[in-house]
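A.B. asks:
Residue numbers (our numbering): 406 to 842.
1) Could you work out which residue in 529, 615, 526, 577 is closest to residue 545 when comparing CA atoms only?
2) Return the CA-CA distance between residue 591 and residue 792, expressed in angstroms with no decimal places.
3) Taking Cβ to Cβ, would you say residue 541 is nearer than 8 Å to residue 501?
4) Closest by CA to residue 790, which one among 758, 717, 818?
5) Given a threshold of 16 other Cβ atoms within 10 Å of its Cβ, counted over all protein chains shown, does residue 440 qualify as buried or as exposed?
6) For residue 516, count neighbouring Cβ atoms within 10 angstroms of its own Cβ and tell me buried if that reaches 16, exposed if not.
7) Since I believe residue 548 is in contact with residue 513 (beta carbons under 8 Å), could you give me their beta-carbon distance rounded to a whole number of angstroms?
8) What are the boundary residues of the alpha helix (DSSP H) that includes residue 369?
9) Give me, in chain order, the residues of the same chain whose beta-carbon lies closer than 6 Å to that of residue 483; leave out the 5 immediate sequence neighbours on both sides.
10) Who are the Cβ neighbours of residue 584 in its own chain at under 7 Å, not counting the five residues just before and after it?
11) Does the Cβ of residue 760 have 16 or more other Cβ atoms within 10 Å, making it buried, or fewer, making it exposed?
12) Output needed for residue 830: all residues of its chain with C-beta closer than 6 Å, excluding positions within five of it in sequence on either side, in chain order.
13) Mark residue 570 as exposed unless 16 or more other C-beta atoms lie within 10 angstroms of its C-beta, in which case mark it buried.
14) By the DSSP assignment, the beta strand (DSSP E) with residue 570 in it spans what residues?
15) Which complete beta strand (DSSP E) runs does the stretch 515-597 hold, if anything under 3 residues is left out?
16) I need the boundaries of the beta strand (DSSP E) containing residue 506, first residue and last residue.
17) So for residue 807, helix, strand or coil by DSSP?
18) Whose CA, out of 775, 628, 408, lies closest to the CA of residue 810?
19) My understanding is that residue 451 touches residue 682, with C-beta atoms under 8 Å, so please give their C-beta distance in whole angstroms.
20) What does a CB cutoff of less than 8 Å around residue 595 pick up in its chain, not counting 5 residues either side in sequence?
21) What does DSSP give as the partner residues of residue 450 in its beta bridges?
22) Compute the beta-carbon to beta-carbon distance between residue 490 and residue 526, rounded to the nearest angstrom, for a pair I have assumed lies under 8 Å.
23) Can you give me the start and stop residues for the beta strand (DSSP E) that residue 711 sits inside?
24) Use the C-beta contact count for residue 508: other C-beta atoms within 10 angstroms, 16 or more gives buried, fewer gives exposed.
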């Protein structure tokens with residue numbers, strides 16, 4: 406089966422988690438959060454708050470986000486986050502957070518007083534010590550103004566992540582964004598002046614009209630700001646997105662762009678963490694508390710947020726279409742307080758799915774799969790459970806020095822194909838039969 410997948414484009418879908426949200430379904434009966442979280446280790450949780458508002462809908466975007474909102478609607482949404490947070494914290498009981506991320510959407514699209522309210526909810530309601538843990542916030546060039554950046558930095562945010570996509574205005578315009586290059590450069594300058602220890606810049610290769618040369622030009626423009634992290638995303642053409650509705654035949658420069666971009670960043674001192682993530686270690690970056698996404702839980706607050714325990718992933722319903730997103734948001738705002746005590750929509754992970762998640766998340770990062778750690782956690786041998794993993798070594802997609810199974814350079818290049826190959830039959834079936842809204 407892996408050989409069959411390798412015959413396709415390696416850019417079918419972005420594999421960043423497991424299982425994908427399109428494998429979620431209504432939970433009948435709903436699951437009580439207090440009973441669920443009682444069984445979990447709550448010493449190193451990840452807190453995530455979702456803000457679904459953007460100033461525009463990018464042509465490549467399939468995130469749960471909306472551009473049709475007004476001040477009253479935003480206020481109602483913030484109040485609902487507060488109501489949900491109070492119920493979720495009561496269900497969690499005593500818990501410690503080792504990470505907090507504010508994502509979206511574009512959180513900095515919020516008026517500054519609402520942004521401050523969200524930080525208060527994270528700190529005062531949920532109990533996350535924002536001055537002591539890594540805190541990341543996503544932003545856009547249009548919304549990264551000086552006052553908001555200063556608020557975020559003062560409140561402990563140490564990672565500012567900005568979606569630039571390209572420094573070439575014609576390429577940006579082709580994705581239905583309206584930012585200008587001077588606007589982007591001014592935002593990055595303000596971010597540097599605000600003193601964030603870590604700045605991340607997102608770039609996309611394979612854009613309409615882009616060439617390998619213009620792609621490298623964008624990377625070099627980003628490097629002028631010396632970001633601690635750069636994410637290089639291939640363009641994915643996904644259903645119901647603006648680009649997905651076009652009849653364009655895609656001139657595939659993505660593999661060449663990836664290879665040239667990777668070489669450039671490594672030559673500039675960056676370390677490749679995954680297919681997409683490149684990191685430059687800075688002496689200013691604080692030491693991070695230990696958090697293991699394969700083992701530790703996530704608590705999601707907000708309409709588009711997901712929560713993870715070792716046996717259940719849960720969220721609200723997912724949509725891409727503007728009307729469907731709006732309907733789900735409206736239902737979220739109207740949710741009675743007591744309903745927030747339950748998980749009503751999600752995916753239950755049996756032992757096999759726990760195995761697969763652990764393998765997938767470990768293998769697709771530079772840490773690789775620690776075979777001894779797998780044995781200790783699951784009391785079984787990984788090759789007995791999944792003998793097909795040996796194919797990766799046979800195809801020179803992975804090596805196994807001692808007890809770590811690592812992807813090779815060739816394997817990293819095909820990360821999304823390998824990730825999809827590791828999905829279970831159950832997850833594939835649920836994803837294929839999901840009615841995308």
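No residue lacks a Cβ here, since even glycine has one placed at the ideal position from N, Cα and C.
Quick caveat, the model's predicted, so the values are computed rather than measured.
C.D. replies: From the atom records:
1) 577
2) 52 Å
3) no
4) 758
5) exposed
6) exposed
7) 4 Å
8) The structure shown does not extend to residue 369, since the chain is modelled only from 406 through 842, so no value can be given for it.
9) 519, 522
10) 546, 547, 577
11) buried
12) none
13) buried
14) 564-570
15) 540-544, 564-570
16) 502-509
17) coil
18) 775
19) About 17 Å; that fails the 8 Å criterion.
20) 549, 550, 551, 554
21) 502
22) 5 Å
23) No beta strand (DSSP E) holds residue 711; DSSP gives it neither H nor E.
24) buried
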